[in-house]
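Protein chains in written order, with this note's numbering: chain A, 5 to 151; chain B, 5 to 151; chain C, 5 to 151; chain D, 5 to 151.
Glycine included, C-beta positions come from ideal geometry on N, C-alpha and C.
Values in this document were obtained by computation on a predicted structure and should not be read as measured data.
Comments concern the structure below.
Number of protein chains: 4
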Amino acid sequence: MEIGGKLDPAVIRRVQDSFDRQGLMAHLGAELAEVKAGQVTIRLPFRQELTQQHGYFHAGGTSSIADSAGGYAGYSLFPEGSAVLTVEFKLNLINPARGEWLEAIGRVIKPGRTLTVCQLDVWGVDGEQRIHVATGMQTLISVKGDA
Amino acid sequence: MEIGGKLDPAVIRRVQDSFDRQGLMAHLGAELAEVKAGQVTIRLPFRQELTQQHGYFHAGGTSSIADSAGGYAGYSLFPEGSAVLTVEFKLNLINPARGEWLEAIGRVIKPGRTLTVCQLDVWGVDGEQRIHVATGMQTLISVKGDA
Amino acid sequence: MEIGGKLDPAVIRRVQDSFDRQGLMAHLGAELAEVKAGQVTIRLPFRQELTQQHGYFHAGGTSSIADSAGGYAGYSLFPEGSAVLTVEFKLNLINPARGEWLEAIGRVIKPGRTLTVCQLDVWGVDGEQRIHVATGMQTLISVKGDA
Amino acid sequence: MEIGGKLDPAVIRRVQDSFDRQGLMAHLGAELAEVKAGQVTIRLPFRQELTQQHGYFHAGGTSSIADSAGGYAGYSLFPEGSAVLTVEFKLNLINPARGEWLEAIGRVIKPGRTLTVCQLDVWGVDGEQRIHVATGMQTLISVKGDA
Chain A
5 MEIGGKLDPA VIRRVQDSFD RQGLMAHLGA ELAEVKAGQV TIRLPFRQEL
55 TQQHGYFHAG GTSSIADSAG GYAGYSLFPE GSAVLTVEFK LNLINPARGE
105 WLEAIGRVIK PGRTLTVCQL DVWGVDGEQR IHVATGMQTL ISVKGDA
Chain B
5 MEIGGKLDPA VIRRVQDSFD RQGLMAHLGA ELAEVKAGQV TIRLPFRQEL
55 TQQHGYFHAG GTSSIADSAG GYAGYSLFPE GSAVLTVEFK LNLINPARGE
105 WLEAIGRVIK PGRTLTVCQL DVWGVDGEQR IHVATGMQTL ISVKGDA
Chain C
5 MEIGGKLDPA VIRRVQDSFD RQGLMAHLGA ELAEVKAGQV TIRLPFRQEL
55 TQQHGYFHAG GTSSIADSAG GYAGYSLFPE GSAVLTVEFK LNLINPARGE
105 WLEAIGRVIK PGRTLTVCQL DVWGVDGEQR IHVATGMQTL ISVKGDA
Chain D
5 MEIGGKLDPA VIRRVQDSFD RQGLMAHLGA ELAEVKAGQV TIRLPFRQEL
55 TQQHGYFHAG GTSSIADSAG GYAGYSLFPE GSAVLTVEFK LNLINPARGE
105 WLEAIGRVIK PGRTLTVCQL DVWGVDGEQR IHVATGMQTL ISVKGDA
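Shown next, in the form of structure tokens:
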């Protein structure tokens, strides 16, 4: 399956259902913006409740949506009856995380039966301006189970 | 200064003040549990608002407190008038993140004038049981500024 | 300066001179294949002396050329009188490292006065076939000095 | 099995046999110094052939022995008929890598049936002096096969 290609609506529904069960995404105010084959985008609008000490987005918010975006990017390629777990991830915070919202894009680089590797990128969006705020890498494992 | 040793109360206050300005820590319900020289502990009590799709703590919550714990561990060793930024971090999620609360310990491995490297560890605490849920590494940079 | 663009011949010479002083590159048999602005390619032909226990390239060889490729990609953008040091790097080994040679490409994602972040990719090349064997990220620091 | 405890001599032999098949370890001049349960030490004596441009050990040499030390630390806990592959590793280079030799210690933090996580540490040894030159983390996967 081509990364970035169209997905079966049933798969998109499974991703959305799983996302909706993540209490943290709702608590942060994150939304699932786009679900393609092996590529998922999550948006996080700015709120005072998401800041670090200088008033920008806290790296924890950046990581939260980056981790979920990568996790669902991998999950979108898994066979039914599989669940996804994050094995590890690494994030470089390359610019101050500010803007009207953050946009995290998780994209599968290497799909696999057991392990899947994703690239993670987070952008700070302010009107027409998009600043690359974080880039990283994530390893996922597919296990038997739901979601 | 010995890592894990006692700090000047003025430094502890600077750490607490900076922590209190992190909107995300309050929003997640995290508390600064202990501040020693180069070693900081943050606690995050379990709430439905912090979960991933299987009902455990979301890796985003784990990362948020790990990043702040490491950041303040480094910051506690910086001279006054310095601020701390996370350059990058990497986390391995080694056990399901469950328990009454998570406890993140950031500990400076290599202090430096410009860069500081921390070890990050997160434990899931349930009564007397402590499970190691995440371990990682973080690079910090000291910049001029407040907090 | 545009990443991947042409460099002043004096800068290319500085990169080549520094590369030639790396005893390890010669010992492994690695060659500097291409030097562009913020993007450097290093090739490593297969030899029995570079293997792990299954006869493929050892991850140490993969890392060696990935680290040097990223280091020189950053260095190519530094002002004269600067030296480059690797702060940290992370590599995911996504396919068995085999082929006639490995090709490591280091590419600057975020240039900076103090810190520079590179993407690292390594390919196994066999005739017309190119297999993505490793992908990663690297943080560099610019310090005063030579090379 | 306790990490750092004694191993069955047959397991030590399997580790040594596999190490001896790594062409790169011989080419670099690395030696297997100690094999305990889940903890392996590899030594790399200084040679001009291992340097970077400033005359210190190249990060590629540091990584090579760190990766092998961690790999064999994990492998020492695997059941017979298993092989080990590195999924990913991350290394922070915290001090200049110099000394009469480098000593890499890989130590299992989290053993697992499929995935194993190791801590990696490398020391530069000069007479009585030991300097911590690198610290990192590694994820291994156990697959069916030999070594």
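Asked: Consult DSSP for T120/A and reduce its assignment to one of helix, strand or coil.; Found: strand
Asked: Using the three-state DSSP reduction, which class does R18/D fall into: helix, strand or coil?; Found: helix
Asked: Give the interface partners of G45/D over in chain B, defined as CB-CB distance under 8 Å, in chain order.; Found: The sequence shown places Thr at residue 45/D, not Gly. Those do not exist, as T45/D stays about 19 Å from chain B at its closest Cβ, beyond 8 Å.
Asked: Taking the C-alpha atoms as reference points, what is the distance between P49/D and G65/D?; Found: 10 Å
Asked: Please state whether the Cβ-Cβ distance between V121/C and A77/C is less than 7 Å.; Found: no
Asked: Look at the alpha carbon of W105/C and the alpha carbon of E132/C, and state the distance between them as a whole number of angstroms.; Found: 12 Å
Asked: Whose Cβ in chain B lies nearer than 8 Å to the Cβ of V91/C?; Found: V91, L119, T143
Asked: Determine, using beta-carbon pairs with one atom in the region 141-151 of chain A and one in the region 19-26 of chain B, whether at least three such pairs fall under 8 Å.; Found: no
Asked: Can you tell me which residues form a DSSP beta bridge with N96/D?; Found: E92/C, T139/D
Asked: What do you get for P115/B, buried or exposed, if any count of 16 or more other CB atoms within 10 angstroms of its CB means buried?; Found: buried
Asked: Please confirm whether T71/B has its beta-carbon closer than 7 Å to some beta-carbon of chain A.; Found: First, the residue type needs correcting, since residue 71/B is Asp and not Thr in the sequence shown. True, the Cβ-Cβ gap to chain A drops below 7 Å.
Asked: Within a Cβ cutoff of 6 Å, which residues of the same chain sit near G110/A, ignoring the five residues on either side of it in sequence?; Found: V44, A73, G74, A77, C122, L124
Asked: For I113/D and chain B, any beta-carbon pair shorter than 7 Å?; Found: yes
Asked: Below 8 Å on the Cβ atoms is my contact criterion, and I expect Q142/D with T90/D to pass it. Report the Cβ-Cβ distance as a whole number of Å.; Found: 6 Å
Asked: What residues in the region 79-111 of chain B bring their beta carbon closer than 8 Å to a beta carbon of chain D?; Found: K94, N96, I98, N99
Asked: Exposed or buried, what is G128/B when buried is set at 16 or more other beta-carbons lying within 10 Å of its beta-carbon?; Found: buried
Asked: From the DSSP output, which residues share a beta bridge with E53/B?; Found: Note: E53/B sits in no beta bridge, so no partner.
Asked: Could you tell me which chain D residues have their CB closer than 8 Å to the CB of E53/C, listed as they occur along the chain?; Found: G27, L28, A30, H31
Asked: Would G42/A pass as a contact of F93/A if the rule is Cβ separation under 7 Å?; Found: no
Asked: Residues of chain D with a CB under 9 Å from the CB of T66/B: which are they?; Found: The contacting residues do not exist; T66/B stays about 15 Å from chain D at best.
Asked: For the alpha helix (DSSP H) containing G110/A, list its first residue and its last residue.; Found: Looking at the DSSP string, G110/A is not in any alpha helix (DSSP H); the run it does join, the beta strand (DSSP E), is 105-114.
Asked: Taking Cβ-Cβ distances below 8 Å as the criterion, which residues of the region 12-23 of chain C are in contact with chain D?; Found: S22, F23
Asked: Drop a sphere of 10 angstroms on the beta-carbon of T55/C, count the other beta-carbons inside from all chains shown, and report buried for 16 or more, exposed for fewer.; Found: buried
Asked: Consider the Cβ of A37/B: report whether some Cβ of chain A lies at a distance smaller than 7 Å.; Found: no
Asked: Taking Cβ-Cβ distances shorter than 7 Å, what residues in chain B pair up with A63/A?; Found: D71, T90
Asked: Take S80/C and list the residues in its own chain whose beta-carbon comes closer than 7 Å to its own, dropping the five residues that flank it on each side.; Found: L11, V15, V19, V39, A41, G42, V44
Asked: Taking the alpha carbon of P100/D as the point to measure from, which residue in G59/D, L119/D, A87/D has its own alpha carbon closest?; Found: G59/D
Asked: Which residues of chain D have a Cβ atom closer than 8 Å to the Cβ of G140/B, listed in chain order?; Found: M141
Asked: Determine, using beta carbons only, whether E107/A and R47/A come nearer to each other than 7 Å.; Found: yes
Asked: Starting from A37/C and walking both ways along the beta strand (DSSP E), at which residues does that stretch end?; Found: 35-40
Asked: Once you ignore the five residues that flank V88/B on each side, which residues in its own chain have a CB closer than 6 Å to its CB?; Found: G75, G78, Y79, L144
Asked: Can you tell me which residues form a DSSP beta bridge with Q133/D?; Found: D130/D
Asked: Tell me which residue opens and which closes the alpha helix (DSSP H) that I69/B is part of.; Found: 63-79
Asked: Buried or exposed, going by whether 16 or more other CB atoms sit within 10 Å of the CB of V130/A?; Found: Note on identity: in this sequence residue 130/A is Asp, with Val being the wrong assignment. Per the 10 Å Cβ criterion, exposed.
Asked: Measure from the alpha carbon of I98/B to the alpha carbon of each residue in M5/B, D71/B, A138/B, then state which is nearest.; Found: A138/B
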